[in-house]
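Colleague:
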Amino acid sequence: MDAHSCLDVAAFAEAYGMSELQDMADDFVLRHFEEVAATLKFQDLPAEKLKTYLHSNCLCVASELPVLKAVISWIGANPRRRVKEARELLATIHFPLMTFKEFKEVKAVTTWPKVSTEDLYDSLLEEFCSSNFNVHTDFRTYLPKEALVLAGGERITEDFDKRTPCTEIWFSNSFRNHVGLMKRVEWRLLGDLPEKPRFSHSVGVIRGNLYVVGGRHYYGKTDTMKCTYRYNPMQNSWQKLADMQERRGSFALVVLDERIYAIGGDKDSEANVESVEVYCPSTDSWSYVHPLDQPLSGHAASVWNGKIFISGGFDCRYQCLVSMLLYHPDKGTTYLADMSQNRAQHCMETFQDCLYVAGGVSDAGGQVVDQLACEFYDPVSDFWAAIMPMSVPHVSAASAVLEGKIYIIGGYCQEDYSDMKRVHRYDPATQCWENMCGTPGPTTYIAACVLPIPPHLRQL
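Structure representation (C-alpha cells):
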C-alpha cells in the first residue's frame, strides 16, 4: 500500500465490508496525510470521508498549513459544487495555530475561479484575525499508534540536595502542535517498576512485551543489578525472569531475532566488562556468547539488517572511543570506519538504511565535555557524515524511533551537571531537530522504547 493506492483500498474494503482492511487503509491515509493529499485520487474523495479524516486525532501533520492546503485543493477540483462544503471543512482547521505568512501562502497559490470565493476568503481572514488564542488550550492533538515509554532513571530532589533513583514508567499518549514551531508531548503515568528503583539499566521489546534488564538501584559498588523483568501492557502484569550471569549497568541492549543481547557495561563505577550475554524467552535463560575485544561501558548499540552495531563508549581507562564495531555473537567484533569524533554516554538509533548517533560526552584536551555534534553512518558504504548538531547537551539520555523520527529524551549537562529536562526530535526528512518540550519525571539514566499501549489508557 502507498499514497497512490491507499484510498482505492479503503473504498474497496468499505464496499465489501472488509473492516480490518479498511482500518488498515484509513490508518495509512491518516499517518501519511500530506503525501496522500498531493495525489489526484485525493481530489475524488467523497466529502463525508474527507470530513472523517480531518476530524480524526490520528491525522498526522506537521502544522495546520498542509491541512488547509488539502482542503483548498479538494474544493478546487470542483469549486462550483464543493464550495458549499467549505465552511464545514475549514472548521476542522486550527487557525490560531497558523501564522499570517502561512495564511498568505495558501491564498497566493489558490487559483479558484471567482465563484462565491471572495466572501469565503473574507470570512476566513476574519476568523484568522479574530480568533481568541490560548496557548494552553489551542493545539492540534495527534495520537500515534504506539507510544514512547520511559522507564526508571533518577532525578534531583526538590531541594536540590541529592539525586534519587526512581521506579516510574511514563508513556507519550499524544503529541500536540501549538502555534508556530511549538510542540509538546502529553505524558501519562503507566505504572512503576517492580522490586527496586533503577537507573543505568536497559529495556527491549519482544512481541509487545517490555523487558527491563540490569542497572543500578543505588550508588554503591555493590548496587549494580542483574535481574530481568517482563511487563505485559495489555494485562498490566509483571513477571520476574532469569537473572543475567553478571551484574551490569551502563551497558547496551539490543533485540535480534526475538532474543535479547546485553553487551558490555560495568559491574561498578570502576570496572568495565567485555562479556556479552543473550536471553532466550522460550527457555527463560541467559547464556554467554562471544565477548567484545575490550571492556566497554557507556557505549551504544543498534540493529540494522540483522546485524549488531556498537559505537563509542568508555574503554577500561574511561577514555571516550571513536570506534564503530560490527558484532557477531559467534565471531566477535569487526572494526568499521571510525566516527568523526569520540563519544560516550550517547544514543544510537537505526532509521531506514542509516544509524544515527547523538548526544553524550567527548574527550577534548584531557577534559570530558558535552558532545553536541551528531552524525550518521551508512553501513553499505562504511561512511560517516555529519548532520545538524544539537543545541543543548544530552548526556546519558534515552532514545527511540517513533514513526520515522528519532527522539532524544532527557539526560544531563556535563558542564554543570544540571538535568536536561528536554525532549528533542530529529526528522531525517527535513534534517532538523525539533524541541518537543519537557520530560515528565526522571531525567537522567532513563531507558526508552516504543510500545503498544492498551486503548483504555489512551482516551483523550
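In full-length UniProt numbering, the protein residues as written are 1 to 460.
All residues carry an ideal CB built from backbone N, CA and C; glycine is no exception.
Because the structure is a prediction, the values reported are computed rather than measured.
In angstroms, rounded to a whole number, what distance separates the CA positions of ASP382 and TYR426?
Modeller: ASP382 and TYR426 have their C-alpha atoms some 22 Å from each other.
Colleague: My guess is that MET222 and ARG176 are in contact by the Cβ rule of under 8 Å, so how many angstroms apart are they, rounded?
Modeller: Per the sequence shown, the amino acid found at residue 222 is Thr instead of Met. So it is not a contact: roughly 44 Å between Cβ atoms.
Colleague: To the nearest angstrom, report how far apart PHE314 and PRO452 are at their CA atoms.
Modeller: 33 Å
Colleague: Ignore the nearest five residues each way along the sequence and tell me which others in GLY438's own chain have a CB closer than 6 Å to its CB.
Modeller: Cβ neighbours of GLY438 beyond the five flanking positions: LYS421.
Colleague: Please classify HIS394 as buried or exposed, where buried requires at least 16 neighbouring CB atoms within 10 angstroms.
Modeller: Result: buried.
Colleague: Quick one: give me the first and last residue of the alpha helix (DSSP H) that GLY76 is part of.
Modeller: 65 to 76
Colleague: For PRO291, collect the residues of the same chain with a Cβ closer than 8 Å to its Cβ; drop the 5 residues on either side in sequence, then sort them by chain order.
Modeller: GLU274, SER275, VAL276, GLY332
Colleague: Comparing alpha-carbon positions, which option in HIS201, THR92, GLN43 lies nearest GLY76?
Modeller: GLN43
Colleague: In the DSSP output, what is GLU88 paired with across the bridge?
Modeller: Its beta-bridge partners do not exist; DSSP assigns none.
Colleague: Report the CB separation of GLU64 from MET98 in whole angstroms; it is logged as a contact under 8 Å.
Modeller: 5 Å
Colleague: Please list the terminal residues of the continuous alpha helix (DSSP H) segment that includes ARG155.
Modeller: Segment 154 to 156 is the beta strand (DSSP E) holding ARG155; no alpha helix (DSSP H) there.
Colleague: Which two residues bound the contiguous beta strand (DSSP E) that contains ALA151?
Modeller: 147 to 151
Colleague: Cutting at 7 Å between CB atoms, please list the residues of its own chain near CYS354, excluding the five before and the five after it.
Modeller: If the five residues before and after CYS354 are omitted, its C-beta is found closer than 7 Å to the C-beta atoms of PHE376, TYR377, ASP378, all from its own chain and listed in chain order.
Colleague: Once you ignore the five residues that flank SER250 on each side, which residues in its own chain have a CB closer than 6 Å to its CB?
Modeller: SER200, GLY265, ASP266, SER297, GLY298
Colleague: Along the chain, where does the alpha helix (DSSP H) containing HIS55 start, and where does it finish?
Modeller: 47 to 55
Colleague: Give me, in chain order, the residues of the same chain whose beta-carbon lies closer than 6 Å to that of SER311; leave out the 5 immediate sequence neighbours on both sides.
Modeller: ALA300, MET324, MET348, VAL357
Colleague: Of all the options ARG458, GLY411, THR157, VAL67, which has the alpha carbon lying nearest to the alpha carbon of PHE103?
Modeller: VAL67
Colleague: Since GLY359 contacts GLY411 with CB under 8 Å, what's their CB separation in whole angstroms?
Modeller: That pair is a contact at about 6 Å.
Colleague: Helix, strand or coil for ALA37 per DSSP?
Modeller: helix
Colleague: What are the boundary residues of the beta strand (DSSP E) that ARG163 is part of?
Modeller: 163 to 165
Colleague: Exposed or buried, which one is ARG163 when buried takes at least 16 other CB atoms within 10 Å?
Modeller: buried
Colleague: If you follow the alpha helix (DSSP H) that PHE12 is in, where does it begin and where does it stop?
Modeller: For PHE12, the enclosing alpha helix (DSSP H) begins and ends at 6 to 15.
Colleague: For GLY214, count the other beta carbons within 10 Å of its own beta carbon; 16 or more makes it buried, fewer makes it exposed. Which is it?
Modeller: buried
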